[in-house]
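Novice: Let me give you the structure first, and then I'll get to my questions.
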DNA sequence: GCATCATCAAACTGAACAGTACGGTTTGGG
DNA sequence: CCCAAACCGTACTGTTCAGTTTGATGATGC
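Residue numbers (our numbering), protein chains in the order written: chain A, 96 to 306; chain B, 96 to 306.
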């Protein structure tokens, strides 16, 4: 078995894995872990059940791969937005915060993300690893970047805060109330992210505490 | 069948129902709906499976009763604390908010409440009725009372807010970050509610935005 | 053409589990 | 003391489903 052949095979393997993962993702998000049957997953992936078990040892391993993959994609998507957002004046900071908040809220109020969150929360006692990963998309992702923004703004003399952690929690938490708990319990129809006006009012109120 | 007999019977019935409910509560909270078996529930309740099915038509009906009962108890417990908390000066308001926040956070960071939340979130797509009920223990319970407190403080001239809803979300959300998302994903050991110092720092920061 | 490997569909196995049936036992009223 | 209702434990039924087995099909390389 030469190197070229090995590469080709693993490429094909990876394509198949991705195919299975995509089908499984749809089913898991729609049905939850417990109600998703391996037959349905195989069908959705356009793959025989046996092939599925060639690539994954068990349904649980498959779910771990699916959730891990979704979360890392989300983290990657968010990281793209990182850039150097301007925070050198109060209007700039305000615009940056409103913009960032709108983007994040829109992303996490999507029915996919909410379904993902429900599945993870439900199974976190049994698969704590995934639970930690999920919490980090918020804790280590969004919260970390907000903290960074606030620190930069503080260093630029735009705002005054002596407890950045508390400030971060106040802002992110206030905005997050629209999703947790309001959105996470599926009621009827898609969850609506708060409109720009509401976001602005929260940000404005927050900024009054930091000047 | 005379009235006395009917009353007696229904009293005994209610006792048995409660017995079943208590056993089922323990099992549902420990295992979640899907993993809880009716055999385990019957055993935990000290009741035969047959009797269980005399009192409840199905496992799902049983869960609805269990969750509904837990939530109404929580609402009742919280409502007791309502009283007239003093908000007529800034130190009073601050003390009231810190106290209220500490109580609520302690209550909802208990492993029972978190387990309950997980079960409800997971099953809310299938049992939306319960999801609404749960959201209301926070939305209609805590948030409503905070709103009321803030309005009273505003009317007393202690604070200045023109958007009470935003203010309520900012405060409750900021504090709630310790539970959602941090606590809801079970990691290791019991979730620790934030200590008094952290609560005070959030409240203080919030109050800076309202004066 | 032939061997090999990946894949497929379909049937099968074994276990878990909701809900039921049944025969025996306790309890309380008359 | 007797009867009836409530209850108990156990065993059964039917179903669902994860994971396996089988045997066929098609592609790839020699």
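We put the beta carbon where it would ideally sit given N, CA and C, even for glycine.
May I ask which residues mark the beginning and end of the alpha helix (DSSP H) holding residue 285 (chain B)?
Specialist: Run containing residue 285 (chain B): none; DSSP gives neither H nor E here.
Novice: Hey, would you say residue 282 (chain B) sits closer than 8 Å to residue 227 (chain A), going by beta carbons?
Specialist: Cβ atoms of residue 282 (chain B) and residue 227 (chain A): closer than 8 Å.
Novice: Kindly list, in the order they appear in chain B, the residues whose Cβ is closer than 7 Å to that of residue 252 (chain A).
Specialist: Those within 7 Å of residue 252 (chain A) in chain B number zero; the least Cβ separation is about 18 Å.
Novice: Just how far apart, CA to CA, sit residue 149 (chain B) and residue 216 (chain B)?
Specialist: Answer to the nearest angstrom: the Cα atoms are 28 Å apart.
Novice: Have a look at B:154, B:173, B:127, B:136 and flag the residue whose alpha-carbon is nearest the alpha-carbon of residue 240 (chain B).
Specialist: The shortest C-alpha separation from residue 240 (chain B) is found at B:173.
Novice: Taking the alpha helix (DSSP H) that residue 294 (chain A) falls in, what are its first and last residues?
Specialist: Residue 294 (chain A) -> alpha helix (DSSP H) spans 291-303.
Novice: On the premise that residue 300 (chain A) lies in contact with residue 304 (chain B), defined as a C-beta separation below 8 Å, what is that separation, rounded to the nearest angstrom?
Specialist: Yes, residue 304 (chain B) and residue 300 (chain A) are in contact; Cβ-Cβ is about 5 Å, under 8 Å.
Novice: Would you say residue 245 (chain B) and residue 262 (chain B) are within 8 Å of each other, going by their C-beta atoms?
Specialist: Cβ distance < 8 Å, so residue 245 (chain B) and residue 262 (chain B) count as in contact.
Novice: Where does residue 276 (chain A) fall in DSSP's three states?
Specialist: Here residue 276 (chain A) sits in coil by DSSP.
Novice: Which of the residues in the region 148-175 of chain B, read from start to end, lie with their CB under 7 Å from any CB of chain A?
Specialist: Cβ contacts with chain A: none found.
Novice: Would you mind stating whether residue 265 (chain A) and residue 302 (chain B) have Cβ atoms separated by less than 8 Å?
Specialist: No, the Cβ-Cβ distance between residue 265 (chain A) and residue 302 (chain B) is not below 8 Å.
Novice: Does any C-beta atom of chain B lie closer than 8 Å to the C-beta of residue 301 (chain A)?
Specialist: Closer than 8 Å to some Cβ of chain B, the Cβ of residue 301 (chain A) qualifies, so yes.
Novice: Could you check whether the Cβ of residue 219 (chain A) sits closer than 8 Å to any Cβ belonging to chain B?
Specialist: So, interface residue.
Novice: Could you tell me whether any Cβ in chain A is nearer than 8 Å to the Cβ of residue 261 (chain B)?
Specialist: Cβ-Cβ to chain A under 8 Å: yes for residue 261 (chain B).
Novice: Rounded to the nearest angstrom, how far is the Cβ of residue 118 (chain A) from that of residue 140 (chain A), given a contact under 8 Å?
Specialist: Indeed they touch by this definition, with Cβ atoms about 3 Å apart.
Novice: Taking 6 Å as the limit between beta carbons, can you name the residues of its chain near residue 269 (chain B), skipping five residues before and five after?
Specialist: 297.
Novice: Under 8 Å between C-beta atoms, does residue 235 (chain A) make it to chain B?
Specialist: Judged by the 8 Å Cβ criterion, residue 235 (chain A) is not in contact with chain B.
Novice: If you run the structure through DSSP and keep just helix, strand and coil, what is residue 164 (chain A)?
Specialist: In the structure shown, residue 164 (chain A) sits in a helix (DSSP, three-state: H, G or I).
Novice: What is the residue span of the alpha helix (DSSP H) that residue 152 (chain A) lies within?
Specialist: Unbroken run through residue 152 (chain A): none, as it is neither H nor E.
Novice: Residue range of the alpha helix (DSSP H) that residue 191 (chain B) falls in?
Specialist: Run containing residue 191 (chain B): 185-203, per the alpha helix (DSSP H) assignment.
Novice: Consider the Cβ of residue 193 (chain B): report whether some Cβ of chain A lies at a distance smaller than 8 Å.
Specialist: Not an interface residue.
Novice: When you compare the CB of residue 129 (chain B) with every CB in chain A, is at least one pair closer than 8 Å?
Specialist: Yes, residue 129 (chain B) lies at the interface with chain A (some Cβ there is under 8 Å from its Cβ).
Novice: In the structure shown, what three-state DSSP assignment does residue 250 (chain B) receive?
Specialist: Here residue 250 (chain B) sits in helix by DSSP.
Novice: State the start and end residues of the unbroken alpha helix (DSSP H) segment that holds residue 133 (chain B).
Specialist: Taken as a continuous stretch (DSSP letters only), the alpha helix (DSSP H) holding residue 133 (chain B) covers 133-140.
Novice: What in chain A is Cβ-close to residue 54 (chain B), meaning under 7 Å?
Specialist: Lying outside 96 to 306, the shown extent of chain B, residue 54 (chain B) is not represented and no answer is given.
Novice: Which residue's Cα is closest to the Cα of residue 205 (chain B): B:169, B:218, B:133, B:161?
Specialist: With distances taken between Cα atoms, residue 205 (chain B) lies closest to B:169.
Novice: Among A:231, A:147, A:134, A:180, which residue has its Cα nearest to the Cα of residue 112 (chain A)?
Specialist: Looking at the Cα atoms, A:147 is the closest of the given residues.
Novice: Does any C-beta atom of chain A lie closer than 8 Å to the C-beta of residue 139 (chain B)?
Specialist: Answer no: the Cβ-Cβ gap between residue 139 (chain B) and chain A never drops below 8 Å.
Novice: Determine, for residue 186 (chain B), whether the minimum Cβ-Cβ distance to residues of chain A falls below 8 Å.
Specialist: Judged by the 8 Å Cβ criterion, residue 186 (chain B) is not in contact with chain A.
Novice: Can you list, in chain order, the residues of its chain whose CB lies under 6 Å from that of residue 248 (chain A), leaving out five sequence neighbours each side?
Specialist: Counting only Cβ-Cβ distances below 6 Å, and skipping sequence neighbours, we find 182, 188, 254.
Novice: Measure how close the beta-carbons of residue 196 (chain B) and residue 294 (chain B) come, nearest whole angstrom, since I'm counting them as under 8 Å.
Specialist: Contact holds; Cβ gap of about 5 Å.
Novice: Which of the three DSSP states is assigned to residue 109 (chain A) in this structure?
Specialist: The answer is helix: DSSP assigns residue 109 (chain A) an H, G or I state.
Novice: Which class does residue 114 (chain A) belong to by DSSP, given the choice of helix, strand or coil?
Specialist: Three-state DSSP puts residue 114 (chain A) in a helix.
Novice: Against chain B, with Cβ distances strictly below 8 Å, would residue 242 (chain A) count as a contact?
Specialist: With 8 Å as the cut-off, residue 242 (chain A) does not count as an interface residue toward chain B.
Novice: Would the beta-carbon of residue 221 (chain B) fall within 8 Å of that of residue 160 (chain B)?
Specialist: Not in contact: residue 221 (chain B) and residue 160 (chain B) (Cβ atoms no closer than 8 Å).
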